[in-house]
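A short write-up of the structure that comes next.
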Amino acid sequence: MSKELIRLQNCCMAFDDEQVLNNLNLYINDKEFLTLLGPSGCGKTTTLRIIGGFTTPTSGDVFFDGVRINAVPPYQRQINTVFQKYALFPHLNVFENIAFGLRMKKVPDPADPSGKRMVKLSEDEITRRVDEMLEIISLKGFENRKPDALSGGQQQRVAIARALVNRPKVLLLDEPLGALDLKLRKDMQMELKKIQQQVGITFVYVTHDQEEALTMSDTIVVMDKGSIQQIGTPEDIYNEPKNAFVADFIGESNIIDGIMCADSIVQMYGRKFQCVDSGFAPNEPVDVVIRPEDIDIVPVEQGQLAGTVTNVTFKGMQYDIIVDFRGFKWLIQTTDHSPVGAKIGVKIDPDGFHIMKKSAYSGKFGDYSSYSEEYDELSDTEEPEDDAAEGDSHEE
Ligand SMILES: Nc1ncnc2c1ncn2[C@@H]1O[C@H](COP(=O)(O)OP(=O)(O)O)[C@@H](O)[C@H]1O
Ligand SMILES: [Mg+2]
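Listed below in structure tokens is the structure:
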């Protein structure tokens, strides 16, 4: 059974007159991998800083293990942080970088029966714990390297070991892979998830990258403009987005105006479609999400709707095609090639529709008109030269 470790209750944060967090309510379970996901400026780092104790909320409470910790300073919380700009000590080797926190640490003297006398950790204990960390981050044999003789990914792993060696209950990670190139970032995502499971501690992870969040997290908290939009498992968030913002931010979504005629019947483009959603008022206006991979292309006469292909992009695994349905452009992902200008029919199974309540985000997302313009622009310009990533030459 997972147990609640951290709780943010009605947390608000304002800087000057700008409200940057609006009444955040959130709990984090022990040993959970929880990700705060949202666009730049939505309040992720501020939330992390509140958990870490670097910032005090303007109002609201923070609990750790049931105890209110608003006034507890960072160093007295059982929480450590890995920042995007992880500063390793350049003059210290890998071993000493990891050992640094342990050398600072004082523990009760086992030889003192009163338990009051504090002593430093023994050299043996330090070596044992650093070795254990080197094993976990797969950098055994790199003890004597200086940071500048490590790749970006290796440096990041050392930064993580340094934060974990003091055995915090929680590790906060603020876009820790942001500085790495794509391939390395993917490898590190797997690596981090493995480390988290191995050491069995709670990770609170910040990213603006939805794919990263989907890959790594037990729970995702989607944020926008200082408010939580949805909390759920990656599957929940992808399959059952709460509003047009979440549907658009997580994966690709066509979002179309609809009317819920009755349970399991939604109307779009003046036509009725079978869906699997229910619980709406009769004739309630709704947002209808259709994922690009849930649409089948069929001959026009067999289609539920007919549209015209306006753009085709080869993506390796599939084609991304943009299809105009009466002025509203959809993205469809398909393995069949349809040329630009082709009239096509589409078919969508009942469970391919996801119906959402109207929200402040309705009408703002889910039309791919600008997407095709972006593609047109891209094909007009030269491919930029790929800069060889510096510092990755030492990667095993
Ligand atoms: N110390 C600060 N003073 C004033 N405004 C701040 C401060 N820290 C953050 N903000 C503002 O709060 C908002 C949220 O910032 P942040 O939490 O860093 O977002 P994210 O990490 O999601 O990009 C932004 O508008 C940012 O400019
Ligand atoms: Mg940030």
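Numbering (our numbering), first residue to last: 556 to 951. Glycine included, every Cβ here is placed at the ideal spot set by N, Cα and C.
I believe residue i touches residue j by the beta-carbon criterion, under 8 angstroms. Please report the beta-carbon distance rounded to the nearest angstrom.
| i | j | result |
| --- | --- | --- |
| E698 | F758 | Not a contact, Cβ separation roughly 25 angstroms. |
| S772 | F588 | 5 angstroms |
| Q639 | D736 | Incorrect: roughly 15 angstroms between the Cβ atoms, too far for contact. |
| N963 | R717 | The structure shown does not extend to residue 963, since the chain spans only 556 to 951, so no value can be given for it. |
| T590 | L727 | At roughly 12 angstroms, the Cβ-Cβ gap does not stay under 8 angstroms, so T590 and L727 are not in contact. |
| E807 | L886 | 5 angstroms |
| P847 | N809 | 7 angstroms |
If you draw a straight line from the C-alpha of residue i to the C-alpha of residue j, how long is it?
| i | j | result |
| --- | --- | --- |
| N577 | V617 | 15 angstroms |
| Y630 | K780 | 30 angstroms |
| A817 | Y641 | 54 angstroms |
| Q710 | I583 | 28 angstroms |
| L603 | G858 | 49 angstroms |
| S957 | S669 | In the structure as shown, the chain starts at 556 and stops at 951, and residue 957 therefore has no counterpart that could be examined. |
| F1030 | R632 | As displayed, the chain neither begins before 556 nor continues past 951, which places residue 1030 out of reach and without an answer. |
| Y930 | V867 | Note on Y930: pLDDT 49, under 50, position unreliable in the model; no value is reported. |
| T613 | F804 | 28 angstroms |
| H909 | N580 | 26 angstroms |
| G900 | P837 | 29 angstroms |
| G871 | H892 | 12 angstroms |
| V853 | K902 | 7 angstroms |
| F920 | K884 | 11 angstroms |
| V855 | G615 | 57 angstroms |
| I605 | K748 | 24 angstroms |
| F570 | L560 | 28 angstroms |
| V575 | P594 | 13 angstroms |
Does the beta-carbon of residue i, which I'm using as the reference point, lie nearer than 7 angstroms to any heavy atom of ligand 4?
| i | result |
| --- | --- |
| K599 | Looking at this structure, you won't find ligand 4 anywhere; what it does contain is ligand 1 and ligand 2. |
For residue i, tell me which candidate among the options has the shortest Cα-Cα distance.
| i | options | result |
| --- | --- | --- |
| A915 | L647, K741, D842 | D842 |
| R506 | M872, Y824, P796 | Missing from the structure shown is residue 506; the chain here goes from 556 to 951 and no further. |
| I783 | G598, F570, G708 | G598 |
| G755 | N580, T865, D585 | D585 |
| K912 | S925, K827, I814, S677 | I814 |
| L647 | A704, G596, V575 | A704 |
| V878 | V844, L689, Y923 | Y923 |
| T682 | P665, P702, K701, G656 | G656 |
| S693 | P723, P665, S917, D742 | D742 |
| L592 | Q785, C830, T889 | Q785 |
| G621 | Y874, R562, V776, P840 | R562 |
| Q752 | A666, L719, I792 | L719 |
In this structure, what does DSSP give as the bridge partners for residue i?
| i | result |
| --- | --- |
| P628 | Partner(s): none; P628 has no beta bridge. |
| R826 | M823 |
| I814 | Q822, P840 |
| T762 | L592 |
| M673 | P663 |
| N721 | In the DSSP output, where bridge partners are listed per residue, N721 has none listed. |
| N866 | I877 |
Under 8 angstroms: do the region 564–578 and the region 757–764 share three or more Cβ pairs, one atom per stretch? no
Decide yes or no for the touch test of the region 653–662 against the region 673–680: beta carbon pairs closer than 8 angstroms, at least 3 of them. yes
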